[in-house]
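Engineer: Going by our numbering, the sequence shown opens with residue 12, and the numbers climb by one from there.
Beta carbons: idealized from backbone N, C-alpha and C, even for Gly.
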Amino acid sequence: MKLCTRCVLPETFPGIEFDEEGVCQYCRNMPPPERRIEQRAKLRERFEQLASEVRAESGYHGLMSWSGGKDSTYTLWLMRHVYNLRMLAFTFDNGFVSPAAMDNMRTIADNLSIDHIIIRPAFPFMQRAFAASVEPGMYPPKALERASGICNTCMGLAKGLALRLALEKDVPMMVYGWSPGQIPLPSAFLRPNRKMLQAMAEAAASPFTRMNEHVAAYFPEARHFEAAPQMPVNVSPLVFLDWREEEALEVVQAHGWKRPDDTDPNSTNCLLNTFANQIHAQQMGYHAYAMELAGLVREGYMQRDEALRRLAIPPAPDLVSSVAERLGVSVDALLERARVSGAN
Ligand SMILES: [Zn+2]
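#1: So does R17 have its beta carbon nearer than 7 Å to some heavy atom of ligand 1?
#2: In its own chain, which residues sit with a C-beta less than 8 Å from the C-beta of R337, not counting the 5 before and 5 after it?
#3: Which whole runs of the beta strand (DSSP E) in the segment 65-113 are 3 residues long or more, in chain order?
#4: What three-state label does DSSP hand C15 in the structure shown?
#5: Taking the alpha carbon of R47 as the point to measure from, which residue in H225, F103, A199, E317 has its own alpha carbon closest?
#6: Can you pull the DSSP bridge partners for D126?
#7: How do the segment 208-228 and the segment 155-173 stand: do at least 3 beta-carbon pairs fall below 8 Å, yes or no?
#8: Do you know offhand how far E28's Cα is from I129's?
#9: Can you list, in chain order, the residues of its chain with a C-beta nearer than 7 Å to that of H266? Leave out the 5 residues immediately preceding and following it.
#10: So what's I324 in DSSP terms, helix, strand or just coil?
#11: Buried or exposed for E303, please, with buried defined as at least 16 other CB atoms from any protein chain shown within 10 angstroms of its CB.
#12: Answer yes or no: the CB of L307 versus the heavy atoms of ligand 1, is any distance below 7 Å?
#13: Assuming contact is defined by CB atoms lying nearer than 8 Å, are V182 and P243 in contact in what I supplied?
#14: Would you tell me roughly how many angstroms separate the C-alpha atoms of A227 and Q60, rounded to the nearest one?
#15: Residue range of the alpha helix (DSSP H) that M211 falls in?
#16: Using C-beta distances below 7 Å, list every residue in its chain close to S69, excluding the 5 sequence neighbours before and after it, in chain order.
#17: If you measure between the beta carbons of S190 and N163, is that distance less than 8 Å?
#18: Pick out whichever of E256, W268, S247, Q209 has its Cα sitting closest to the Cα of P231.
#19: By Cβ distance, which residues of its chain are closer than 7 Å to P195, with the 5 residues on each side in sequence left out?
#20: State the DSSP-derived secondary structure class of L201, mapped to helix, strand or coil.
#21: So what's I27 in DSSP terms, helix, strand or just coil?
#22: Going by CA-CA distance only, name the one from P203, G311, I161 that's closest to V342.
#23: Determine whether the beta carbon atoms of A158 and M166 lie at a separation below 8 Å.
#24: Would you identify the three-state DSSP class for M184, choosing helix, strand or coil?
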């Protein structure tokens, strides 16, 4: 298979174009390093300004979407101990948070002195939602370029719940553990107005209304937007702060974080990930993490060889079959469902 000679995007990636040197358009169109350093510094300045404004407020200063993985745990530490912000951690439990990740979160929340809310939707609902996420039309093709349908389902629900919590509790900042390359640079500090935020919430809810599920409780409603005195700012600090992976690992380990050995190399917290990736690869013809790892390589946060190594690791069959068993559906049956509904 032909790959971009600079990042790791394959020729099967939708809309990819290689130039005569075999470089993809994402690598070619990347702003020069000086420009990115400048942009990052600007984002950092805006974040530090906001942090100093909200620090005097009485309630929570930030709502951290916490997976229990290394990056979001490190972000939580930064917010709490470097920026001295009162954080509320929120975890969306899709029914597949690994026991090791749960242990980590219990230890870390106490060690960092953080309040923690876990919401775990009823598992039968999650089963139906995951099965529906492979169907063509559930998500726009663009959304599937960055993550599998199953991941999109979790992220949609997690985002909706987090936003509802932030509005209900009047939290001025929603914090995410995305690292550079995982999201576009300008998205790392977003100050949406009410209208934008409401549109975002509606877009996140729409796939579920489409599958005819009652999901109002998982998303903010019009009354939340009307009652909230301020709209929370979206912040992904790892995108614009200076940090190194080894340093992050050292910090979280010093606070009791242990690397889970029960998940796959692309996710240190979710047991569903391998399964979701296998379906995505078979359905779409490229790895669900191709775009993310390509971004990390492009931004210089991962060696190309390391990204290639991760993309080449075959899904562990026992992990895939145990997930299939819990979901009550086989990989083949899901792919068949995707084909049949695609033909309709
Ligand atoms: Zn490339």
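Structural biologist: So, from the listed chains and residues:
#1: Inclusion of R17 in the 7 Å shell around ligand 1 follows from its C-beta lying nearer than that to a non-hydrogen atom of the ligand.
#2: G106, F107, listed in sequence order.
#3: The qualifying runs are 73-76, 98-103.
#4: Coil at C15, not helix or strand.
#5: Of H225, F103, A199, E317, the residue nearest in Cα terms is A199.
#6: Looking at the DSSP assignment, D126 forms a beta bridge with L99.
#7: The segment 208-228, when compared against the segment 155-173, does touch it at the 8 Å Cβ threshold.
#8: Their backbone Cα atoms lie some 43 Å apart in a straight line.
#9: Result list for H266: W88, I119, N122, L123, in chain order.
#10: Here I324 sits in coil by DSSP.
#11: Within a 10 Å sphere around the beta-carbon of E303 sit 16 or more other beta-carbons, which makes this residue buried.
#12: No, the beta carbon of L307 sits no closer than 7 Å to any heavy atom of ligand 1.
#13: It is a contact, given that the beta carbons lie within the stated cut-off.
#14: A227 and Q60 have their C-alpha atoms some 35 Å from each other.
#15: Counting along the chain, the alpha helix (DSSP H) containing M211 begins and ends at 205-221.
#16: A distance below 7 Å between beta-carbons, with the five flanking residues on each side excluded, links S69 to no residue of its chain.
#17: No; because the gap between Cβ atoms is not below 8 Å, this pair is not in contact.
#18: Of E256, W268, S247, Q209, the residue nearest in Cα terms is Q209.
#19: For P195, there are no CB contacts under 7 Å within the same chain when 5 residues up- and downstream are skipped.
#20: In this structure, DSSP gives L201 an extended state, which the three-state scheme calls strand.
#21: In the three-state DSSP reduction, I27 falls in the coil class, being neither helix nor strand.
#22: With distances taken between CA atoms, V342 lies nearest to I161 out of P203, G311, I161.
#23: A contact, by the Cβ cut-off of 8 Å.
#24: In this structure, M184 counts as strand in the three-state DSSP scheme.
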